[in-house]
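Chains as they are written, first to last, in the working numbering: chain S, 1 to 269; chain E, 1001 to 1273; chain W, 2001 to 2275.
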Amino acid sequence: MTLRLSGVGYRYAGAQRPSLLDIDLDLPDGAVVGLVGASEAGKTTLCLVASGLAPRTVGGQIRGHITLDGENVDAWPMHRLSERIAIGFENPATQLSQVASTVFEEVAFGPMNLGVSRDDVVERTWAALEALRIEELAERDPFRLSGGQQQLVAMAGLLAMRPAHFVLDEPTAQLDPAGTRLVGDAIARLAADGASILVAEQKTDLLAEVASRIVVLGEGRILFEGPAAEVLADPRLTEAGVAEPAAVRLRRAAEVAGLDPVRIVGAIA
Amino acid sequence: MTELRTEGLVHVYGDGGVRALDGVDLRIGPGERVALIGQNGSGKTTLVRHLNGLLRPTEGRVTIDGTDAATMTVAQLASRVGLVFQDPDRQIFAGSVDAEVQFGPRNLGRSGAELREAVAAALDATGLADERRTNPYDLGGSRRKLLALASVLAMRTPVIVLDEPTTGQDARGVARVRRIIDALAGEGRTVIAISHDMRFVAETFERVIVMRSGRVILDGTPAEAFAAEAWQLLASTHLEPPLAARVGERLGFGATPTDASVIESLAAEGRRA
Amino acid sequence: MAERVRLTEPSPHARGVPTFIGRPGPSAVHRLNPLTKATLATVTAIAAVVLGGIVGPVLLVTVAVLLPAAVAGVLGRLLRLSLLLALPIAISAFLVNLFFFPGGEQVLLRIGPITATAEGLGFAIQILVRILAISGAVTLFYLTTRPADLVVDLERRGISSRAGFVANASVQTVPAMVDRAIQITAAQRARGLDTEGNLWRRLRGIVPIVGPVILGSLAEVEERTMALEARGFARPGRRTLLWAPPDSATERIARWAMLVALVALVAARVSGAWS
């Protein structure tokens, strides 16, 4: 099921200028699309628009169309859209519902809202906890977990909705390398299971591992895009205010120094 | 300017609870740039909170220029050790950037030209000079983080501690933070940063302290901390050396924690050939 | 690497609702349905006011508050908490009635222009007993019932999921704010805010702490609302509950009996059958 943005533009309520312009984006099944750009380039806005929160909950004006498998979803209410498209945010604590005294109930919150059978709720919850390797946290108070653990709980909560598409806005921003690794692995597994994921990130090293395509955003527009490896090696990346992956940076440093990078490339592999 | 010491520092939370610090002995001299790395729960956050008195030792002591920190209140220690917290939204309260940055130095008794100068310098360094009258919540998250940094920079403390200064920053933001740290060290101020960005650590700091389970398990230069001999130690606390170190090792060079050192070794090898 | 869990197939580790959800309470009183306990508390509180004299309310409190508290093992806490809760009102009500009871003639004590009368004392004691009864009844409910359980029970009986969510979230808001306030205090102290100095200095410190608590909480509300909507919160209709507190025919009968008894009591009092 492909999520497609066609000619999408967006302006926040009361803003002078649009935050997004002429966005054409495809998110087919099983694809992991990385979204990069300098801070305030529009990554978060694009995530909000793709998930439907903008303009439904956030307000503002949208142009263009969003379709799911060809069907226009512009008129769908938020709760209907949330069964197809899940969105995760950078701050783990604000994603907690605050009404769950255990991680299990927190993750079950979404499926419970869907009104599916209790067995279904329970099964989805355990599956989500296992996929993110946090079963042992099931009884813990989500409020008392570390930021990284909370982020995994939030992701499990999204996973339990069994959406076709995930939109993740810098999910590892506040995580340490171990937490980043966990989230990266989870993203890869979700994609292997057929979900599609749009993930905004500063960590291009992570994207190098999990993303198949990368879209580079600048001042609300798509600057350029393409297969992940190509985009991450593109010299225009640094101009766009995005840090290159460590491997690319090292290789480039060798080239700049007039040295043959082939040995470095060999050592990286 | 200021020397920090911890002697046999132990910290236990609650009554016989978690032993977050298990005997830490450190000496950090003036002008040092120190990175504090380790897993969550290794004791890094607990340690830095002892440096400005937010936490008091269960055993052992912390001294600042020879004076026991226990004899000073947190407000007094704030004039010697500034601490920038990880989450700017747990600190920002003023209606304008300017007012926010003024808060710290005012508490320390600065006023007049001295205050204005400190605030201006802090805003310049963090790229917020044009946003004096902006409401902090009209800034994006990454700029709010720089605002939190500015508000402590303006206090002009001899020691400044940064808790995860680069999380949530884009490439330009990270570069800016690096420039600020270099400038601080150039002024003779001590900079201690908690970070889990190993590349940033290797390229910005001259001393790396690795913590695990409340103890210091490694204390040395980035070259020493990321040399192959240390990898197993790092792995025991779920840390990985930066790519440059791994590449350098594979190519048979000595310790190469930074890209520059890899290039240098490669070039030197080429010259020898 | 551990085996991959395919989300579209049943989990290989098929488990049911975990046992830690809806764990039964430690005593028979804890295990009563929340609505039963709420009914008991309400009926006791109202009956204590309606019953005449002193013996009636005291007996009522003993049977409906102290006895269940003892069974539940919370007697000590109940006494401490309910006294704490009632004390300010109880003391002022007692004193006001002792000294300013209209029509009091039998003087017990004279302090300057005000006099304590025997009638006043009698009335004051009656008021005191009732205040303590209400406080005790409410505290018993609070000590033996998890708020979330009551909300879930009400939701099972038909109140909207949204109302239930608001009720639950309100309870959680306080610890979340307290936590936030603690962290903010640390950050502001690190910027020289004096929380250990004299009172004036400490008062000045309120804005830099309360400010971010409120601002931050408001900013969070927006993000939290988005996250909730993204998890189907605004979906019309009922949601699936994982568990609800059990109820029984006995308890249902008991609840009705309590309500009927209360109505009868009120009717008797109003019609003047009792003094």
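Using N, Cα and C, we set each Cβ at its ideal position, and we do this for glycine too.
In this text, all values refer to a predicted model and were calculated from it rather than measured experimentally.
Take residue i as the anchor and find which of the options has the nearest alpha-carbon.
{"i": "S:Ala160", "options": "S:Glu130, S:Asp176 and S:Phe143", "result": "S:Glu130"}
{"i": "E:Arg1110", "options": "W:Arg2191, W:Ala2176, W:Gly2211 and W:Thr2139", "result": "W:Arg2191"}
{"i": "E:Leu1153", "options": "E:Thr1190, E:Asp1130 and E:Gly1140", "result": "E:Thr1190"}
{"i": "E:Ala1129", "options": "E:Glu1249, E:Ala1099, E:Val1018 and E:Leu1026", "result": "E:Ala1099"}
{"i": "E:Pro1261", "options": "E:Phe1226, E:Met1155 and E:Leu1233", "result": "Checking the sequence shown, residue 1261 of chain E turns out to be Ser, not Pro. Ranking the options by Cα distance to E:Ser1261, first place goes to E:Phe1226."}
{"i": "E:Met1211", "options": "E:Ser1195, E:Phe1200, E:Glu1203 and E:Phe1205", "result": "E:Ser1195"}
{"i": "E:Leu1149", "options": "E:Gln1102, E:Ala1171 and E:Thr1256", "result": "E:Gln1102"}
{"i": "E:Gly1188", "options": "E:Pro1158, E:Glu1249, E:Ala1020 and E:Ala1113", "result": "E:Pro1158"}
{"i": "E:Phe1093", "options": "W:Ile2209, W:Ala2219 and W:Arg2231", "result": "W:Ile2209"}
{"i": "E:Gly1031", "options": "E:Asp1182, E:Pro1222, E:Ala1223 and E:Thr1237", "result": "E:Asp1182"}
{"i": "S:Gly42", "options": "S:Ala86, S:Ala128 and S:Ser19", "result": "S:Ser19"}
{"i": "W:Leu2150", "options": "W:Glu2196, W:Trp2243, W:Met2258 and W:Ser2271", "result": "W:Trp2243"}
{"i": "W:Asp2247", "options": "W:Leu2032, W:Pro2026, W:Pro2024 and W:Phe2020", "result": "W:Leu2032"}
{"i": "W:Thr2225", "options": "W:Gly2120, W:Arg2162, W:Ala2137 and W:Gly2158", "result": "W:Arg2162"}
Taking the CB atoms as reference points, tell me whether residue i and residue j lie closer together than 8 Å.
{"i": "E:Asn1329", "j": "S:Gly157", "result": "As shown, chain E starts at 1001 and ends at 1273. That puts residue 1329 of chain E outside it, with no answer to give."}
{"i": "E:Arg1136", "j": "E:Ala1118", "result": "Note that residue 1136 of chain E corresponds to Pro in the displayed sequence, not to Arg. Contact flag unset, no."}
{"i": "W:Pro2034", "j": "W:Asp2194", "result": "no"}
{"i": "W:Ser2186", "j": "E:Leu1162", "result": "For the sequence presented, residue 2186 of chain W should be read as Ala rather than Ser. No; because the gap between Cβ atoms is not below 8 Å, this pair is not in contact."}
{"i": "S:Trp126", "j": "W:Arg2015", "result": "yes"}
{"i": "E:Val1097", "j": "E:Thr1073", "result": "no"}
{"i": "W:Val2129", "j": "W:Pro2068", "result": "no"}
{"i": "S:Ala246", "j": "E:Ile1263", "result": "no"}
{"i": "E:Val1024", "j": "E:Thr1006", "result": "yes"}
{"i": "E:Arg1144", "j": "E:Pro1057", "result": "no"}
{"i": "S:Leu53", "j": "S:Leu198", "result": "no"}
{"i": "S:Gln95", "j": "S:Ala164", "result": "no"}
{"i": "E:Val1247", "j": "S:Ala191", "result": "no"}
{"i": "S:Ala240", "j": "S:Gly218", "result": "yes"}
{"i": "W:Ala2133", "j": "W:Leu2060", "result": "yes"}
{"i": "S:Leu25", "j": "S:Val215", "result": "yes"}
{"i": "E:Leu1233", "j": "E:Leu1251", "result": "no"}
{"i": "W:Glu2251", "j": "W:Thr2036", "result": "yes"}
Would you report the Cα separation of residue i and residue j, rounded to the nearest angstrom?
{"i": "W:His2013", "j": "S:Glu123", "result": "Confidence at W:His2013 is low in this model, with a pLDDT of 49, below 50, so the placement of that residue should be treated as unreliable; the coordinate-derived value is given next. Using only the alpha carbons, I get a separation of about 9 Å."}
{"i": "W:Ser2275", "j": "W:Leu2051", "result": "Residue placement at W:Ser2275 is poorly supported in this model, since its pLDDT is 47, which falls under 50; the coordinates still yield a value, given next. Approximately 9 Å between the Cα atoms of the pair."}
{"i": "E:Thr1002", "j": "E:Thr1167", "result": "28 Å"}
{"i": "W:Leu2007", "j": "S:Thr67", "result": "In this predicted model, W:Leu2007 has a pLDDT of only 40, less than 50, meaning its place in the structure is not dependable; the value taken from the coordinates is given anyway. Using only the alpha carbons, I get a separation of about 25 Å."}
{"i": "W:Met2001", "j": "S:Asp185", "result": "In this predicted model, W:Met2001 has a pLDDT of only 32, less than 50, meaning its place in the structure is not dependable; the value taken from the coordinates is given anyway. Using only the alpha carbons, I get a separation of about 11 Å."}
{"i": "W:Glu2009", "j": "S:Arg162", "result": "At W:Glu2009 the pLDDT is 42, less than 50, meaning the model places this residue with poor confidence and gives no usable figure here."}
{"i": "W:Arg2189", "j": "E:Ile1160", "result": "15 Å"}
{"i": "E:Met1155", "j": "E:Asp1197", "result": "26 Å"}
{"i": "E:Ile1192", "j": "E:Gly1186", "result": "14 Å"}
{"i": "S:Ala138", "j": "W:Ala2090", "result": "45 Å"}
{"i": "S:Pro77", "j": "S:Leu5", "result": "17 Å"}
{"i": "E:Arg1116", "j": "E:Val1012", "result": "42 Å"}
{"i": "W:Glu2105", "j": "W:Thr2117", "result": "6 Å"}
{"i": "S:Val231", "j": "S:Ala188", "result": "19 Å"}
{"i": "E:Ala1075", "j": "W:Gly2211", "result": "20 Å"}
{"i": "E:Phe1085", "j": "E:Val1048", "result": "10 Å"}
{"i": "S:Gly30", "j": "S:Arg118", "result": "29 Å"}
{"i": "E:Gly1254", "j": "S:Arg221", "result": "45 Å"}
{"i": "S:Ser196", "j": "S:Pro227", "result": "15 Å"}
{"i": "S:Leu250", "j": "S:Ile23", "result": "32 Å"}
{"i": "W:Val2263", "j": "W:Val2049", "result": "13 Å"}
{"i": "E:Arg1019", "j": "E:Ser1042", "result": "10 Å"}
{"i": "W:Arg2204", "j": "E:Gly1082", "result": "21 Å"}
{"i": "W:Met2177", "j": "W:Val2221", "result": "12 Å"}
{"i": "S:Ala13", "j": "S:Leu237", "result": "31 Å"}
{"i": "W:Arg2004", "j": "S:Ala50", "result": "With a pLDDT of 37 at W:Arg2004, under the threshold of 50, the modelled position of that residue is not reliable, and no figure is offered here."}
{"i": "S:Ser101", "j": "S:Arg140", "result": "8 Å"}
Pull up the CB-CB distance for residue i and residue j, whole angstroms please, since I reckon it's below 8 Å.
{"i": "W:Leu2277", "j": "W:Ser2135", "result": "This structure leaves residue 2277 of chain W out entirely; chain W is present only between 2001 and 2275."}
{"i": "S:Thr172", "j": "S:Leu206", "result": "7 Å"}
{"i": "S:Tyr271", "j": "S:Gly59", "result": "Within the shown structure, residues of chain S are numbered from 1 to 269, placing residue 271 of chain S beyond reach of any answer."}
{"i": "S:Leu3", "j": "S:Leu21", "result": "With 8 Å as the limit, S:Leu3 and S:Leu21 do not qualify as a contact, their Cβ atoms being about 19 Å apart."}
Return no unless some Cβ of chain A is closer than 8 Å to the Cβ of residue i.
{"i": "E:His1050", "result": "The structure shown contains no chain A; the protein chains it does contain are S, E and W."}
Give, in chain order, every unbroken run of the beta strand (DSSP E) that is at least 3 residues long and sits entirely within the stretch 1059-1090 of chain E. 1059-1064 and 1081-1084
Write down every uninterrupted run of the alpha helix (DSSP H) in the stretch 192-230 of chain S whose length is 4 residues or greater and which is fully enclosed by it, in chain order. 204-210
Which parts of the stretch 117-194 of chain S are runs of the beta strand (DSSP E), unbroken and 3 residues or longer, counting only runs that do not cross its ends? 165-169
Starting from the N-terminal side, write out each stretch of the alpha helix (DSSP H) that is 4 residues or longer and does not extend beyond the stretch 1-73 of chain S. 43-51 and 53-56
Within the stretch 2152-2220 of chain W, note down every full alpha helix (DSSP H) run reaching 4 residues or more, in order along the chain. 2161-2189 and 2199-2204
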